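Report on the following structure.
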Amino acid sequence: MRRRTKIAIAATSAATGAAAIAARAAGKYCTEVGDQTAMRDRAARVGEPGVDGDAFLHHLAEAIRITTVVYVERDRNDPQDIYAIHEFLAATYPRTHERCTVETVNDLSLLYTWHGTDPKADPILVMAHMDVVPIEPGTEDDWAVDPFSGAIVDGYLWGRGALDDKGPMIAIMEAVEHLVDDGFEPTRSVMITFGHDEELGGAHGAANVARLLTERGVHPWFVVDEGGAVADSLPPLTESQVALVKTAEKGYVDLELTATADGGHSSIPPRTTAIGALSQAIHRLESHPAPAHIDILEPMFEALGPYLDPKLRPILTNLKVTGPIVTKLMSARPSTDATIRTSTAVTMISGGVKPNVLPQEARAVVNFRIIPGESIASTVEHVRRVVGTGIAIEPYGEMRAEPSAVSSTASEAWQVLETSIEETFPEAVVAPWTLTGATDSRYFADIAGDIYGFAPFTGDVDATFGSIHGTGERIRISDAEAAVSFFCRLIRNAS
C-alpha cells in the first residue's frame, strides 16, 4: 500500500511520463502486466453511434509505424518522418482535408480550421503532437513487441506514441472525419493543431502556431491538450474511477551553477576546491527545498470528496487545518512531494581534467519544475539565497517556461469538457489536477481562455500511464470507440 500511495495520491509521476518507470522486467513486463491490467479493466464507456473503433486502432497502428522520433541533437532529426505523417493524415482523412483549411506552420507543424457557422464565436482549439521520444538505448529487448509495430497483444495496442501523443491525435482526426460524414456543422470554429517538436519544448512548432494565431487576432474559447486521463482508481484515496483533467501545469527552468578556484598541482590543494565548493552548494540546495503550496491540491480533493476513503476524507478536505500534516506526508515521497512544491533535480555535473590537476572550474545543471504560485524569478532568488556567495548562477539551455495560470472549474468551458467526459465515461469522477510536466498548450496562455489537458484513455495509474516515455507504452483496445466518441462529443457540446 505504501508504494501505491506515493503514485496514487497525486498520480503525477505516472501521468506525465517524466521518467521511465522502474518496472522493466523484460518480456514479463509486457505480457504479465498487460494480462493483469486487462483483467482489471472495469471501465464503463459509452460510444457514439457509428464510431468505428477498429478503424481507430488500425490507423493508430499505422501512425506508430511512422517513427517520428525526435532527439535533443536537432541535426539528428529527419523531417521526412514528419512529412510522412502529413501525407498519412491527408490520405487517411480525405473528408476532413476537404472540409477544413489545412496549413503547415514553420514547414512541419499542422493547423486545421473547421470553420463554424457563427464567425463571431471564438473557436475551440484541440491539440496533440506528432513527435515521440526515442526508445532508451539498451531497453529495446525489454519490449515484448517491436515498439514501432503498433501490435495488438493481450488486449492492448502497443507502441511508442500510443499514449503520448499519437493516440489522441488519431482520435481527434477520426472524430472530425466521423462528424463530417454525419453532416455535422459546428456553430463555432474548431481549430486543431499538431506540433512537431513538443518533446523538445515546442519552440519551433506550437510556439509558432500560437504566434500565428496571435497575429490573426484569434482567441480560442478554450484549449484541450494532453495532460490527463481516466485512472481505474487512486488507491488509497478512492477505488472510484477518476478522470483527471489538467487545469494547470508547472513551469520549467534549468540553472547552471559554477564554482571557480585557483588551479595548480593536486599535491598542494586549498581547503576547498572548485568541486568541493560546488558540492557544498548542491548539498545546501537539496537540503533546503522550495516552499510547499499545499493549497494547490484543494480543488482535486474537493472534487473527490464524496468518493474519498472515509478515514482520509476529513484530513484531505480540511487543508486549512490539516495542511501541515498533509504537507509532511506529501513531502516524504518524491512523487507526491513534486505535486506541492517546485522540484529540484541536479541532472548534470562536470569538473576536472586529470587526477593530479586542481580544477579551476566546476559546473552543475539543476532542473526546476516550478509550482503555480512561484515563478522563474522566485526560483532563481531561492537558489541564490540557499547556495550563498561564491557560486555563479546562470540560465542553461533554451527551454524555460513560467508555470501556468490555473484554469477555471466553474466556467462554461469546464462544463462542456466535464459533460463530454461524463457522457463517455459515466462512472468516472471528474477531478482537476496540476501536471508536473510542461506541454505545448502553454504557448497559448496569452490568447486563450481556459486551458485543459485530457486524453480519453483508461488505465492503471502505475502500469499503464507509467509506460509513457518508458517500456511498454500502450492503450487498451477497449478504449477505441470511447476515445473517438469523446472528441465527437467535445466538438458537438462546444457548439
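171 is the number that the UniProt record's numbering gives to position 171 of the sequence shown; each next residue is one higher, with no gaps. Where a beta carbon is used, it is the ideal one built from N, C-alpha and C, also for glycine. None of these values were measured; they are calculated from a predicted model.
Exclusion of the five residues before and after aspartate 450 leaves Phe222, Ser407, Ser408, Ser411, Ala413 and Trp414 as the residues of its chain whose Cβ lies within less than 7 Å of its Cβ. Within the model, the alpha-carbon separation for valine 190 versus glycine 116 is close to 7 Å. Every beta strand (DSSP E) stretch that sits fully inside the segment 415 to 459 and reaches 3 residues is listed by chain position as 429 to 435 and 450 to 453. A direct Cα-Cα distance of roughly 41 Å separates arginine 385 from threonine 139. Less than 8 Å separates the beta-carbon of threonine 339 from that of threonine 436. Bridge pairing for serine 350: Arg363 [DSSP]. The three-state reading of DSSP puts methionine 300 in helix, counting H, G and I together. Spanning the alpha carbons of valine 383 and methionine 300 requires a straight line of approximately 30 Å. About 24 Å separates the CB atoms of threonine 342 and alanine 303; that is not less than 8 Å, and the two are not in contact. Per DSSP, valine 102 is one residue of the beta strand (DSSP E) stretching across 101 to 105.
With fewer than 16 other Cβ atoms inside 10 Å of its own Cβ, glutamine 80 counts as exposed. Here aspartate 225 is buried: its Cβ has 16 or more other Cβ atoms, across all protein chains shown, within 10 Å. By alpha-carbon distance to methionine 348, the top candidate from Phe487, Asp254, Ala455 and Ala55 is Asp254. Taking C-beta atoms as the reference points, arginine 99 and valine 209 fail to come closer than 8 Å. In the three-state reduction of the DSSP assignment, lysine 120 falls in the coil class. A Cβ-Cβ separation of about 5 Å places isoleucine 370 in contact with proline 403 under the 8 Å criterion.
Under the DSSP assignment, aspartate 41 falls outside any beta strand (DSSP E); it carries neither an H nor an E label. Rounded to the nearest whole angstrom, the C-alpha separation of arginine 474 and alanine 144 is 12 Å. Looking at the DSSP output, tyrosine 112 shares a beta bridge with Val102 and Ile192.
A straight-line Cα-Cα distance of about 40 Å links leucine 244 and threonine 258. Under DSSP, valine 383 shares a beta bridge with no residue.
The criterion of a C-beta distance shorter than 8 Å is not satisfied by phenylalanine 56 and arginine 492. According to DSSP, arginine 476 shares a beta bridge with Tyr156. The Cβ neighbour count for asparagine 77, taken over all protein chains shown within 10 Å, is at least 16; the residue is labelled buried. Aspartate 118 counts as exposed, since fewer than 16 other beta carbons sit within 10 angstroms of its beta carbon. Judged by DSSP in its simplified three-state form, histidine 283 adopts helix. Distances from the alpha-carbon of serine 279 to those of Val346, Phe486 and Gly397 put Val346 closest. In this chain, the beta strand (DSSP E) harbouring tyrosine 252 covers 251 to 260.
Every unbroken stretch of the beta strand (DSSP E) spanning 3 or more residues and falling wholly within the segment 221 to 250 is given here in chain order: 222 to 225, 229 to 231 and 242 to 249. Glu286 is the residue among Pro324, Glu62, Glu286 and Val380 whose C-alpha sits nearest the C-alpha of proline 334. Comparing alpha carbon positions, the residue from Asp107, Ile172 and Glu62 closest to isoleucine 152 is Glu62. Non-local beta-carbon contacts of proline 270 in its own chain, meaning distances under 8 Å to residues more than five positions away in sequence, involve Ala261, Asp262 and Leu358 in chain order. Take the alpha-carbon of glutamate 423 and the one of arginine 160: they are about 29 Å apart.
Comparing C-alpha distances from glutamate 361 to each of Gly264, Thr379 and Val416 shows the shortest one belongs to Gly264. Here DSSP, grouped into helix, strand and coil, assigns threonine 336 to helix.
When secondary structure is reduced to three states using DSSP, histidine 129 falls in the strand class.
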